[in-house]
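Okay, structure first, notes after.
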Amino acid sequence: MIIIIDGLEEALQHKKKLKKKGKALDLQQCQEYYGGSVFWSPRKIREARARERDEAQLQRQVELEEKRVERQRLNEMRELERAEKAAKRARKVEAQHQKKSIQQAQ
Numbered sequence: 035m036i037i038i039i040d041g042l043e044e045a046l047q048h049k050k051k052l053k054k055k056g057k058a059l060d061l062q063q064c065q066e067y068y069g070g071s072v073f074w075s076p077r078k079i080r081e082a083r084a085r086e087r088d089e090a091q092l093q094r095q096v097e098l099e100e101k102r103v104e105r106q107r108l109n110e111m112r113e114l115e116r117a118e119k120a121a122k123r124a125r126k127v128e129a130q131h132q133k134k135s136i137q138q139a140q
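Under the numbering used here, the first residue of the sequence shown carries the number 35, and numbering increases by one thereafter.
Shown next as structure tokens:
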């Protein structure tokens, strides 16, 4: 039984390795391409990778900022709900005190 599970794990890992596909670098910086062979220098490849890294970092920062804003909005909503509940509770207690004082006055 253990041998079968190990074999399945190996097959799954092999399949995951095969699934990983690289994506093409954007080496064409607004240049027209009409076919034919194009050879890229190592410097252009480094620049393209740096550009992609910068874009990914910027995207991550934007996502983090959106999450922070959403968290802040939820916290404000919770605070508002707590304040409303506290006010409702205070009104209820005040109404009970008034009712008691009216009953004692009679």
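By construction, the Cβ of each residue, glycine as well, lies at the ideal position given by its N, Cα and C atoms.
Residue i - DSSP class collapsed to helix/strand/coil
i: LYS21; result: A query on residue 21 cannot be resolved here, the shown segment of the chain reaching from 35 to 140 and no further.
i: GLY41; result: helix
i: SER75; result: coil
i: LYS101; result: helix
i: LYS57; result: coil
Neighbour flag for residue i against chain D, beta carbons, 8 Å
i: LEU46; result: Looking for chain D here will not work: only one protein chain is present.
Neighbourhood of residue i by C-beta, 7 Å cutoff - its chain only, sequence neighbours within 5 removed
i: ALA117; result: none
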